[in-house]
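Here is the structure we will look at, set down as structure tokens.
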Amino acid sequence: MTDTVYHYDPTTGEYAGRSPADHSPLEPGVVLIPAHATDEAPPEAGPHEVAVFRDGSWSVAADWRGVALFSKADGSGVTIAEIGATPADVSATETARPSAVHVWKAGQWIEDAQLKASQLVAL
1 MTDTVYHYDP TTGEYAGRSP ADHSPLEPGV VLIPAHATDE APPEAGPHEV AVFRDGSWSV
61 AADWRGVALF SKADGSGVTI AEIGATPADV SATETARPSA VHVWKAGQWI EDAQLKASQL
121 VAL
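Take the sequence shown: its position 12, counted from the start at 1, is 12 in the UniProt record's numbering, and no numbers get skipped.
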């Protein structure tokens, strides 16, 4: 029996904190577990991860919400709004595009000579 309950968001299932458990005044030794809570402790989550309670158990899922990401196609800002989605799912990177003459190749931004030349000609 535990004296702690672990709360989770009713919509996303993400871990929301813990609190002391209440004990039943009618049944000695019985812990009362409120809605959207469990007596099972969540697993540790690393960077860009969150503990999620679904179908009666905890798991760890990717969590890139609120992280500044950039499109590999054009360097524009990209937002991830859902638990479980990763930068790879939206073709994004954490590395900002250094300039308009850079393109994403082989896992990094590389200055594109043709693009640079076309911009110089345009001046």
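C-beta: ideal position from N, C-alpha, C; glycine also.
All of these numbers come straight from a predicted model, not from anything done at the bench.
- In this structure Asp39 is exposed. Its beta-carbon is surrounded by fewer than 16 other beta-carbon atoms within 10 angstroms.
- Under the three-state reduction of DSSP output, Ala88 falls in the helix class.
- With respect to the C-alpha of Val90, the residue from Lys105, Ser76, Pro47, Tyr6 having the closest C-alpha is Ser76.
- For Ser99, no beta strand (DSSP E) run applies, since DSSP gives it neither H nor E.
- The Cβ atoms of Ala92 and Leu115 do not sit closer than 7 Å to each other.
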